[in-house]
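Below is one structure, written out as structure tokens, with a few remarks after it.
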Amino acid sequence: MRAGRLLHFLGAMVSQEQNHGLNLDQWLDSYAERANTLSVSEVRALFAVVSRPEVVSLAGGMPYVSALPKELLSQSYETLMASRGNAALQYGSGQGDPVLRDQIRELMALEGITSSVEDLIITTGSQHGLDLLSGLFLDAGDVVLAEAPSYVGAIGIFRHYQAHIEHVFTDDDGMSPEALQESINNLTAQGRKIKFLYLVPNFGNPSGVTLSESRRHQILEICRRHHILVVEDNPYGLLYFDEKPPLALRSHDEDGVIYLGSFSKILAPGFRVGYVLAPPAIRDKMVLANESALLCPSSFSQMMISEYLATADWQKQIDTFRSVYRDRRDAALQALADFLPGVRTTHPRGGFYLWLTLPQGIDSKAMLPLAVKELVAYTPGTAFFGNGTGQGNLRISFSYPTPENIRVGIKRLSTVINLQTELLDTFGPKGA
Amino acid sequence: MVSSDQGDSQKLVIQVLAGGISHERDISLKSARRVADALTEQGATVIMREPDADLLGHIQTDRPDVIWPVLHGASGEDGALRDVLALCGVPFVGATADAARLAWDKPTAKTLVLLAGIQTPKSITLPKTAFKELNAESVMGLILESMTLPLVVKPARSGSAQGATVVREKRDLAQAMIDAYVYCDVAIIEKFIDGVELAVSVIDLGEGAIALPAVEIEAINGDFGFEARYHAGETNYFVPARLDAAVADAAAAIAVEVHQLLGLRHMSRIDMIVDADQNIWFLEANVQPGLTDTSLLPMGILAAGHSLGETYHSIAVAAHKNRG
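Chains as they are written, first to last, in our numbering: chain A, 1 to 432; chain B, 1001 to 1324.
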């Protein structure tokens, strides 16, 4: 707030009823109710230190864009400007560039999906696609079923639409169909309205686990039986380290699955281009919603990606990313085995993340200030639950730091956990 | 404000230090951007820098007339950086290293204030090793026997209420200790005083310290914690505070006295509580008060009828002249 504005408030306050005091947000009574779902936290403030080079950040899920040869993009730019420059700088279709949509079909075919160009919508990152979907489907109090833990960005969106997030037990093979059935039964008995099931089935964020083939079929069957839409968010599916994950859920069900894809992890998040494949009726509403929100996604970004896909060996580039992330995953697992042998971790076969289960009593959110002091950052487990749980877990992202820095960071993390364990030993877990 | 000499209107080059590696890095950056904007509007040339390995080189190349360390938390407020700045020979805003050390360490500040006859809530200060060596359960038992609930547990050296807890039930003491020790190896356990929470800022340009109108804080959810401090809308402020004139005058006098007692310079913020019997209790002194959108010192300046830009510029000029 500029000084003049603060002064204006003070002046207004003095001239008004003294009993009400001065609230620095003079529009407090004007916000929509859903604005109350937005909040800051001390954890967010602590993340300000993550940008410092002294800190090893295992917190953010940032792709290692340094592994992307920039000359490939420079060539794409030159070609684009020469061939379709005016179109790239102009407004475009609300559904997205048809050329890119056609190329995306080829990309999705790698995961077993066949589709029509007509059913694809380009969005500003898949996060935007999820927001559009949530806006179309969620009323306050509606239920979204999600893995336990689930993607923090999705939780933020669902909260913003005032939905209730029901986490379903998830293990090393992904979401449990039995637990899903039980949750549906319970919620149905309570008269709750379940709007959709949200899944990150491949190398999930934050767990790193992959939904098994058999569970994919079981979950689809359960959702079909209960007429529950499935939202399949798949940013990491092509970033496997050894063998491909099972085919996408969407490849087994065209009518009951909305598929979200993204170029953020296989190319670069700076373009902010994602896509949604939806059944026709939903697609029509999404296009209208997209136009209403943005008019159109960025023509420039779409056409840059289109040129890149047309001219560069993008499959080879994805191989490079796989190799980089595999080395980093290995470095992280080795460091955990060396420095934190008592801490349980998932063993992802792709993607960006490890999910750690801490020794009994340690609260990862409460421990974060200590980690900042020791110059290492992670994401507390509580970020990945909509119900306040997850204290006993934390997420490590191995995608961005070098293998050497990952080792340094995990060594520092071991110091932090040991210090916190010592505190708990002194006072008893949770002050018991 | 506040008589900045007209002859001081030369275009100062001011290096604003912001960020640092502390739990309050984000607050520091927010404060510093406000200070930089205000000083720029006054015609100063402002250069923002991180207090990092390149800082001494930057001081040589930037050749600032004055340095303003808008740094919260350790190194910014514990005196360490201020000692280095003094060695550089460039005038800087705020307390000297010695004074900063006294104020930053809450138990030391409380002791000095108490010796001067100013009330401060009864407290004890314990390093975490004391609990480890003397058996935590026994020590906590002794604390709970000798001190009446509720208690406030907070890190001995930290800011922005991080790691601070009001303990209302015996069973919550251990967790409160853990939360405080996450921030600092030493914690204060202090008697909780129920009353009106006040922040009295002091401006000191070398012509005598002046207390700004007291800001009364009423957290909407009852807890003026981290979120309430830095999230507009979470707190109601009363400026000036709803106090009897005599109490307001007494609070102002205490703020000035504490500021002088601890040897602070240019500005400080003294936090207090006024209980139901109108007794004023000193809680802590802030070496580098927050200067964000929602901070208390800027509210005090504006409530006194001054502009932020002119006041900040006057502070920089005073520091440049090595006054205050």
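A virtual CB, placed ideally from N, CA and C, is assigned to each residue, including glycine.
- The shortest CA-to-CA distance from residue 310/A to any of 75/A, 269/A, 131/A and 297/A is the one to 75/A.
- The straight-line gap separating the alpha-carbon atoms of residue 322/A and residue 378/A is approximately 22 Å.
- With distances taken between CA atoms, residue 324/A lies nearest to 64/A out of 53/A, 57/A, 59/A and 64/A.
- C-alpha of residue 399/A to C-alpha of residue 319/A: approximately 15 Å in a straight line.
- In the three-state reduction of the DSSP assignment, residue 161/A falls in the coil class.
- For residue 1012/B, the closest C-alpha among the options 1248/B, 1208/B and 1064/B is that of 1064/B.
- Annotation for residue 1266/B: the continuous beta strand (DSSP E) segment containing it runs 1266-1275.
- When Cβ-Cβ separations below 9 Å define contact, residue 279/A makes no contact with chain B.
- If you check the CB distance, residue 1212/B and residue 1300/B come in under 9 Å.
- Of the candidates 342/A, 47/A and 307/A, 307/A places its Cα closest to the Cα of residue 83/A.
- The beta-carbon of residue 366/A is placed less than 9 Å from the nearest beta-carbon of chain B.
- DSSP places residue 1170/B in no beta strand (DSSP E); its state is neither H nor E.
- Taking every protein chain shown into account, the CB of residue 225/A has fewer than 16 other CB atoms within 10 angstroms, so this residue is exposed.
- The Cβ of residue 1025/B sits closer than 9 Å to at least one Cβ of chain A.
- Residues of chain A with a Cβ closer than 7 Å to the Cβ of residue 1136/B are, in chain order, 426 and 427.
- Shown here, residue 77/A sits in a helix according to DSSP, grouped into three states.
- Within the segment 369-388 of chain A, 369, 370, 372, 373 and 375 place their CB atoms closer than 9 Å to a CB of chain B, listed in sequence order.
- With 16 or more other Cβ atoms from the protein chains shown falling within 10 Å of its own Cβ, residue 1154/B counts as buried.
- Cβ proximity to chain A below 8 Å picks out nothing from the segment 1279-1290 of chain B.
- Comparing alpha-carbon positions, the option among 389/A, 402/A, 383/A and 363/A lying closest to residue 421/A turns out to be 363/A.
- Using a Cβ distance threshold of 9 Å, residue 283/A and residue 276/A count as a contacting pair.
- The segment 1239-1247 of chain B and the segment 1166-1178 of chain B do not touch, with fewer than 3 CB-CB distances between them shorter than 8 Å.
- Residue range 1106-1115 is occupied by the alpha helix (DSSP H) that includes residue 1111/B.
- A straight line joining the alpha-carbon of residue 133/A with that of residue 286/A spans about 7 Å.
- Only those residues of the segment 1168-1198 of chain B whose C-beta falls short of 9 Å from the nearest C-beta of chain A are listed: 1171, 1172, 1173, 1174, 1175, 1176, 1177, 1178, 1179, 1181, 1182 and 1183.
- If you compare the alpha carbons of 1123/B, 1250/B, 1014/B and 1271/B with that of residue 1190/B, the shortest gap goes to 1123/B.
- Around residue 1029/B, the beta-carbon contacts reaching into chain A at under 8 Å are 48.
- Residue 1199/B places its beta carbon 9 Å or farther from that of residue 1266/B.
- Boundaries of the beta strand (DSSP E) around residue 121/A: 120-123.
- Cβ contact annotation for residue 1095/B (same chain, cutoff 6 Å, sequence separation greater than five): 1264, 1265 and 1287, in chain order.
- The Cβ neighbour count for residue 53/A, taken over all protein chains shown within 10 Å, is under 16; the residue is labelled exposed.
- Per DSSP, the beta bridge partners of residue 1238/B are 1216/B.
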